[in-house]
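Protein chains in written order, with the working numbering: chain A, 932 to 1481; chain B, 932 to 1481. Where a beta carbon is used, it is the ideal one built from N, C-alpha and C, also for glycine.
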């Protein structure tokens, strides 16, 4: 594939080449300016793919021919010859490990190398890091809301920006804390666990029991095959008696679909309850088939609900399962996992949490307990819902569909650069930097500190005079208990030079990084902004450059 | 590439196969339920890629091996052998031509074939059509707001869902009415015009004029080379005198960058005005270099503004250009194209339109004229802004980041299917259908009508009794002046059987289709919903099936 680039980057490359500046040493940084989703943090992701992009960075003969056709006809031929020789072999990349919590203005990637190549890499890196970090952050927020025990499944394949967008969504949702995906290709390519349940179209494709073929199932413990359709019909009568709902209201097509699925997957039978009426059709039909299966020694693995008031219905479904458990003496029936889907958003999860709170209150819990339960991220959403499938609101990130990372030159030819605009937020911080994360005595990171590369590393336990972004006019004193240098060198001499963790390792690292955060920064609504600071020397450099440009 | 599929689809496929139903004739429809962005319409797009996906539909040996590893171990081996033989050769696809205006509930794709394959194609088709149609619709809205003469450039490469998401964004924005893209690869692959301007990083990479190399330029008409840097410095003095701004406030690095770019691209010189202060640096530096170039016979091609109040600043810039034109007697200077970018959204364009309205009011236009000017889509945004670059808000569609197309079975084994849920909107309309667009005497489409496939086609000029969705309880009479059958057969016997238009042809068709719309449906805010109806026969079928399921 041709390098990802915007045309102006190639025009500028020609400008540099004509000026003989293309091999000037340069450095650029990749960072975002505002944390996404009105939180305080993002998860940095996309590093491994960015490094692969670097390794593959090259203009093919066809790319060069195309560029020749779109650049002005006065462009020097020798420039195109030069383009054909380019690669990233002289580039060095340092970065914060993938899956780490990252903060606004703190570069999570630094690129050094010849000016022309450093500038050409801008779009490749932004394109590979931006969405990856955005969706990983979104997934992490869902995980924080749902608590550690809830199963979270990504199912956004139909809503992503085409096949590759969907693959990125599956991979980075997993990294952000999801458990599995519905996307087979993501499972195949990245080893992410895949899960799937029965769909409405399967249910709708049946009209009556006569269509079920084969209908016989061998009991798990052996014996003669049994007609599962007949058995389910007799169970339906008993279930309907118990639930006081007329069997005639239970869809025959739905029952046929469930029986057919159960004969095919007797150890993995699941029901989708809402193709027709949940209470009078989906639920009795599922219970009938699950009880018939139970009679043959098999255990149903779950149900899914895809419309309506999910929290309310899941309570009613749980009640029915418990009633069946008691009435038919089937010990596992009350705890059949309930999965929900249908446009689940952060707001939905918050609503589920409120339900739990109300439930606790009804159970006579102390209001403080209930309120604490609601406030604390990581709360289980109650026993009614065991798995949540999230598609659109995970992969398209509607609360903020783009992270807005930027890639800015910070040094050329040994001179630091500064972008000073009318827009204070759009200013850059000049110079090649070392980045440190400072931890307090409780083990929480409390500040990220940017220093000039040549400055000595700050020491743990020593007081530092620094300037916090946003209030640069005053010096602040801090004493870190621990100091962690954040960047590692990942790419040098055209090769990845640091072993890259596997996808599950990145996922684990992300949860560790999130857990270290102080709850005041981790909370999703109105978090305390995480302070980012510069050293006094870096601040002086900034002032000098600003002075010089006025 | 493996077929795009969710795991449950393969599980269901196994269910059908085990039941011997995998070759039952079946039909499915692809449609959306609500128009995006609170408008009344969408542009249907992604058909050509969907057809390519069909042609390539096949499970490789590796895909089959992977599926074997994730399906239950009890799965019959012969099923995997069967999967390896599957393709879309028995599938027929009819569709509304790509780029047409499409409405909620009206299928823009119909798929017929063996049940198992029809179901497996669901995700492939949804994934390829959903985002394509969404971003084409978004682009069309920007085009309606900006008017036909404004140049619109797509520049979302960094904000899309990875490289392929970005390519889709470029392609379908172009189809929706954009003029060009910054994305080189999109230019190379789809022949979309590419454009590019100078960027902040180029400007920032210069500190002083000494870095400019080479500095000499040959006058266009011939003669001795001239030091453009010296010439620009002398022009800067004259410009600063005229603008009454001190030359010392103009950044030397920025001037150097402009001179360097002008020497490299003398016929294509553009300025980016806001790396430093627009008024005291960017604008005087640009005018100085442009006037120096003019002295050598060259004409600058434009400026770009990427921060701050774009409407206001572009007015001030235009004023300065006109002042230079008058003072220095350079006839083309007042009309130098001004391009703007920086997070441009529909709201930004609406703000630009309000500015025009105010301007008209100031010029003493009749308030009605001004108000009409503001209301009418297609208004020029005034002479100050000539080109708009849109990235994030185009490609991520933040107003609604997903179209929500669905793919539903409508017939199996000759029997129509109906999904009846508690959620009225989620009901499907059963049976294989023919779709007609009805036009009024003014040539506007006024209704889409769904009929059963076997019904005779409605005739132009004849009264039809139909039922409008949303008020099915009453019969409505309409007399169409023209009746257009909407679907064509695009895929049959494993091949695309209808010549596919080129990307520019689809783009033209989209504008024609939009222009035919009645303004009451076309307007972006609170449009009149476009009526979609069913024939009496289709309505009776729906009632019968609903009856039967209760």
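About 17 Å separates the Cβ atoms of residue 1267 of chain A and residue 1242 of chain A, ruling out a contact at the 8 Å cut-off. Among the residues of the region 1106-1121 of chain A, those with a Cβ less than 7 Å away from any Cβ of chain B are 1113, 1114, 1115, 1116, 1118 and 1119, in the order of the chain. A contact is defined here as three or more CB-CB pairs under 8 Å, and the region 1457-1473 of chain A fails this definition with respect to the region 966-974 of chain B.
Here residue 1107 of chain B carries a helix assignment [DSSP, helix/strand/coil].
Between residue 1198 of chain B and chain A, the shortest Cβ-Cβ separation is below 8 Å. Along the region 1123-1138 of chain A, going in chain order, the ones with a CB nearer than 7 Å to a CB of chain B are 1125, 1126, 1127, 1128, 1129, 1130, 1131, 1132, 1133, 1135, 1136 and 1138. If one requires a minimum length of 4 residues, the alpha helix (DSSP H) runs lying completely within the region 1383-1453 of chain B are 1434-1447 and 1450-1453, in chain order. 8 Å or more divides the Cβ of residue 988 of chain B from the Cβ of residue 1045 of chain B. Here DSSP, grouped into helix, strand and coil, assigns residue 1350 of chain A to coil. Unbroken beta strand (DSSP E) stretches of 3 residues or longer found wholly inside the region 1031-1077 of chain B: 1040-1045, given in chain order.
The Cβ atoms of residue 1132 of chain A and residue 1339 of chain B sit closer than 8 Å to each other.
Contiguous alpha helix (DSSP H) elements confined to the region 1173-1242 of chain A occur at 1183-1195 and 1214-1226, taking only those with 4 or more residues.
DSSP places residue 1343 of chain A in the strand class (E or B) of the three-state scheme. Neighbours of residue 936 of chain B in chain A, taken as residues whose beta carbon is under 7 Å from its own, are 1115 in chain order. Contacts with chain A at 8 Å (Cβ-Cβ) include residue 1086 of chain B. Neighbours of residue 1097 of chain A across chain B, judged by C-beta separation under 7 Å: 1058. The C-beta separation of residue 1117 of chain A from residue 976 of chain A comes to about 15 Å, leaving the pair out of contact by the 8 Å criterion. Within its own chain, the residues whose Cβ lies closer than 6 Å to the Cβ of residue 1264 of chain A, once the five positions on either side in sequence are excluded, are 1252, 1255 and 1256, listed in chain order.
For residue 1229 of chain A, no chain B residue has a C-beta closer than 8 Å to its own C-beta; the minimum C-beta separation is roughly 11 Å. Interface annotation, residue 975 of chain B: not in contact with chain A, CB-CB separation never under 8 Å. By the Cβ neighbour-count rule, residue 1250 of chain B is exposed, with fewer than 16 other Cβ atoms within 10 Å of its own. When Cβ-Cβ separations below 8 Å define contact, residue 1191 of chain A makes contact with chain B.
When secondary structure is reduced to three states using DSSP, residue 1336 of chain A falls in the strand class.
By the neighbour-count definition (other C-beta atoms within 10 Å, threshold 16), residue 1197 of chain A is a buried residue.
For residue 958 of chain A against residue 1363 of chain A, the beta-carbon gap comes to about 5 Å, under 8 Å, which counts as contact. For residue 1079 of chain A, no Cβ of chain B is located within less than 8 Å of the residue's own Cβ. Within the region 938-985 of chain A, the runs of beta strand (DSSP E) at least 3 residues long that lie entirely inside it are, in chain order, 956-963.
Annotated three-state conformation of residue 1094 of chain A is helix, per DSSP. Annotation: residue 1178 of chain B has no Cβ neighbours in chain A at a cutoff of 9 Å; minimum Cβ distance is about 13 Å. Counting every other CB atom within 10 Å of its CB across the protein chains shown gives residue 1289 of chain A a total below 16, marking it as exposed. Residue-level contact check: residue 1091 of chain A touches chain B, since one or more beta carbons of chain B fall below 8 Å from its beta carbon. Within the DSSP secondary-structure output, residue 1366 of chain A pairs in a beta bridge with A:1381.
Think of a sphere of 7 Å around the beta carbon of residue 1013 of chain B: no beta carbon from chain A falls inside it, the nearest being about 14 Å out. When B:1212, B:1469 and B:1274 are compared, the shortest CA-CA separation from residue 1237 of chain B is found for B:1274. Across the region 945-956 of chain B, CB contacts with chain A closer than 9 Å involve 945, 946, 947, 948, 949, 950, 951, 952 and 955, in sequence order along the chain.
Distance from the CA of residue 1477 of chain A to the CA of residue 1350 of chain A, rounded to the nearest whole angstrom, comes to 9 Å.
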